[in-house]
């Protein structure tokens, strides 16, 4: 399924920033990043780039979906041809999530092959995925079989090699691409830092030194119940700056070391 993105104006925000005002032209940043990847591909004589890491897929396309899940499983990836299309293999079927992005030419549902999803049929489904990538390389690789991949399991790697592809590590491509920032990227980084500093300040303001309990201020979510046994919250340690006065215990509930 082909996709068309708008290349005019400041571009649509995606994800958590959907309704915020961007400090720069987002489409310009998106296209700059894609251009940086292709520049590094050209330096290394790579015809195709296959990205699974959610940091890399976001850099290449600015599309997001199941980001944390994608850190654990090969549930989503992006294929970038040096001289050809950018194809997003997405989790499930949610093309509305990439509306307006100028970085994606083709949207497909990911034929997942990890064990959690397909069990003992992993090799069978990996072969289907490998066939799709092999076909893209035959169509847009200009005769080259050199494909750079950032990370991939054994079934996926075997399936790609079965298509006659020569696999290379994409680490040098992605890291060197990100090492040179555009003016728009710097503007976005400054805006992100300002938001984080304001949020951290709002959360830190209500806490007094050695506070035995958690309190929430503006911008902080409500605290979870505090355990009377050790003063810690379920799932994480208590955000206090010192031992609870008079208890002889540290915020995590452990006893103070003997002196």
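In the numbering used here, the protein residues as written are 230 to 488. We treat Cβ as the ideally placed atom computed from N, Cα and C, and that holds for glycine. Model, not experiment: these values are computed from the prediction.
Listed in chain order, the alpha helix (DSSP H) elements of length 4 or more contained wholly in the segment 316-401 are 344-347, 351-369 and 383-391. For residue 263, the uninterrupted alpha helix (DSSP H) run begins and ends at 255-272, by DSSP. Residues of the same chain with their beta carbon placed closer than 6 Å to that of residue 301 are lacking, with the five preceding and five following residues left out of the count.
In the structure shown, the three-state DSSP call for residue 429 is helix. Straight-line measurement puts the Cα of residue 340 at about 21 Å from the Cα of residue 395.
Between the C-alpha atoms of residue 257 and residue 267 there is a straight-line separation of about 15 Å. When secondary structure is reduced to three states using DSSP, residue 277 falls in the strand class. Selection 382, 413 and 406 evaluated against residue 271 yields 406 as nearest (Cα-Cα). Excluding residues up to 5 positions away in sequence, 322 lie with their Cβ nearer than 6 Å to the Cβ of residue 338 in the same chain. Between residue 386 and the set 303, 370 and 297, the nearest pair of CA atoms involves 303.
9 Å or more divides the Cβ of residue 365 from the Cβ of residue 336. Contact between the segment 273-288 and the segment 345-352 is absent: fewer than three C-beta pairs spanning the two stretches fall below 8 Å. Relative to the Cα of residue 326, the nearest Cα in the group 294, 377 and 298 belongs to 294.
With respect to residue 359, residue 392 sits close: the two C-beta atoms are nearer than 9 Å. Nearest in C-alpha terms to residue 307, of all of 289, 313 and 372, is 289. Within the same chain, Cβ atoms closer than 8 Å to the Cβ of residue 315 are found at 263, 289, 290, 307, 308, 309, 332, 333, 334 and 335, the five residues on either side in sequence being excluded. Residues of the same chain with a CB within less than 6 Å of the CB of residue 363, apart from the 5 flanking positions on each side, are 392 in chain order. Contact check for residue 389 and residue 376: beta-carbon distance about 7 Å, within the 8 Å limit, so the pair qualifies.
By the Cβ neighbour-count rule, residue 433 is exposed, with fewer than 16 other Cβ atoms within 10 Å of its own.
Cβ neighbours of residue 269 within its own chain (closer than 6 Å, five residues either side excluded): 402, 405 and 406.
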